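Notes follow the structure.
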Amino acid sequence: MPNIRVLATGLEFPEGPVAMPDGSVVLVEIRGRRLTRIWPDGRKEVIVEIPGGPNGAALGPDGKMYICNNGGFSWIPTRNTIMPGPQPDDYIGGSIQRVDLQSGKIETVVHTCGEHPLRGPNDLVFDKHGGLWFSDLGKRRARDMDVGAVYYVKPVANEIVEAVLGMLPANGIGLSPDENTVYVAETPTARLWAYDLSAPGTVRPHDVIYRGERGRPVAGLGGYQMFDSLAVEASGNVCVATLVSGCISVIAPDGTLVEQVPTGDRVTTNIAFGGPELKTAYITLSGKGELIAMDWTRPGLPLNFLNK
0 MPNIRVLATG
10 LEFPEGPVAM
20 PDGSVVLVEI
30 RGRRLTRIWP
40 DGRKEVIVEI
50 PGGPNGAALG
60 PDGKMYICNN
70 GGFSWIPTRN
80 TIMPGPQPDD
90 YIGGSIQRVD
100 LQSGKIETVV
110 HTCGEHPLRG
120 PNDLVFDKHG
130 GLWFSDLGKR
140 RARDMDVGAV
150 YYVKPVANEI
160 VEAVLGMLPA
170 NGIGLSPDEN
180 TVYVAETPTA
190 RLWAYDLSAP
200 GTVRPHDVIY
210 RGERGRPVAG
220 LGGYQMFDSL
230 AVEASGNVCV
240 ATLVSGCISV
250 IAPDGTLVEQ
260 VPTGDRVTTN
270 IAFGGPELKT
280 AYITLSGKGE
290 LIAMDWTRPG
300 LPLNFLNK
């Protein structure tokens, strides 16, 4: 197993790590309903309590932390951990929020697309123009569930457009180095999709059977595995946190499975790059409630408004 260092323990279903320029890592605790900063010495600092379900984080062009709020989960104890469950009784609806890291002030950016409410925003990434791509996992209920979707918030006036509708739950999202492709991980199928862009926020039309197939299936894993969030390497490889098998699956743009890097937790949910030359991988182990770091062979792709 690669040189794994445990940076923090006792986290309540951590996700969305952001490796900050000062060496700290900011992440969400979904079950804990808070935004937390982890300092290099392991100290945990609560930035702000966030009602609902903070589920992903990204630093925006205004220096604020943007949050996918899924509206809340119910929680189901399993043999070794506590896992997210169906839509809870206290579900507050989905939204994109932003947090002032100094004051802790929370603002809601968007909570609907036209007449359609956001259901369960999950992961997000900014393009170089300041536009925001995010996935919506939807919600499960006892006998039905929402379809997944991908949205784009334009950098001017927070205008939101629906880019993709009809995926099975849409989870991790990221951009190719040239920003001509947006990658989306589909959770239950362990399938990685690529959507070619004709302009910022605009998916190139394809001749498809139904709307959810507007993208190209890049890769799908066999056996019982599921995809969570992702990050992109500078080379263009897509690194997807993989549930059940407990690893990071590295997938080349042509669909080749480069490697699977074990993490030691079946509930491996997120990866982000930081450190010197962006060759440190920060990974959330949500089953164990840990944030770990490991040396990474290849550098990560610099994120707009964070690493550049």
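Heads up, the sequence shown is in numbering that gives the first Met the number 0, so the first residue is 0 and it goes up one at a time.
Each residue gets a CB set at the ideal place from its N, CA and C atoms; glycine is no exception.
All figures in this text were calculated on a predicted structure; none of them were measured in a lab.
(message) Considering only the alpha carbon of each residue, which of Gly41, Met82, Val25, Leu10 lies closest to Gly31?
(response) Leu10
(request) Compare the Cα-Cα distances from Gly92 to each of Val239, Ile81, Asn69 and report the closest residue. (result) Asn69
(message) Please state the DSSP three-state secondary structure of Leu305.
(response) coil
(request) Count the other C-beta atoms from every protein chain shown that fall within 10 angstroms of the C-beta of Met0, then say buried if there are 16 or more, exposed otherwise. (result) Summary for Met0: the model assigns pLDDT 48, below 50, so the residue's position carries little reliability; its value from the coordinates is reported in the next sentence. Under this definition Met0 is an exposed residue.
(message) Please tell me whether Glu48 has its Cβ less than 7 Å away from any Cβ of chain C.
(response) Chain labels in this structure do not include chain C; a single protein chain is all it has.
(message) Taking 7 Å as the threshold (C-beta atoms), are Pro16 and Val5 in contact?
(response) no
(request) Output yes or no for whether 7 Å exceeds the beta carbon distance between Arg297 and Glu232. (result) yes
(message) Give me the residue from Asn303, Ala18, Val266 with the minimum Cα distance to Thr77.
(response) Val266
(message) Rounded to the nearest angstrom, what separates Phe12 and Arg215 at their Cα positions?
(response) 31 Å
(request) In the DSSP assignment, find the beta strand (DSSP E) that holds Ala193 and state where it starts and stops. (result) 190-198
(request) Ignore the nearest five residues each way along the sequence and tell me which others in Ile75's own chain have a CB closer than 8 Å to its CB. (result) Ile81, Met82, Pro83, Gly84
(message) Taking the alpha-carbon of Lys127 as reference, which of Gly147, Arg142, Leu174 has the nearest alpha-carbon?
(response) Leu174
(message) Buried or exposed, going by whether 16 or more other CB atoms sit within 10 Å of the CB of Asp135?
(response) buried
(message) Please return the same chain residues whose Cβ sits closer than 7 Å to the Cβ of Val243, not counting the five positions on each side in sequence.
(response) Tyr223, Gln224, Met225, Arg265
(request) With a threshold of 16 other CB atoms inside 10 Å of the CB of Ser285, please say whether the residue is buried or exposed. (result) buried
(message) Per the DSSP calculation, Phe226 is bridged to which residue(s)?
(response) Thr241
(request) Check each candidate in Thr268, Pro275, Leu196, Trp295 and name the one with the smallest Cα separation from Asn236. (result) Trp295
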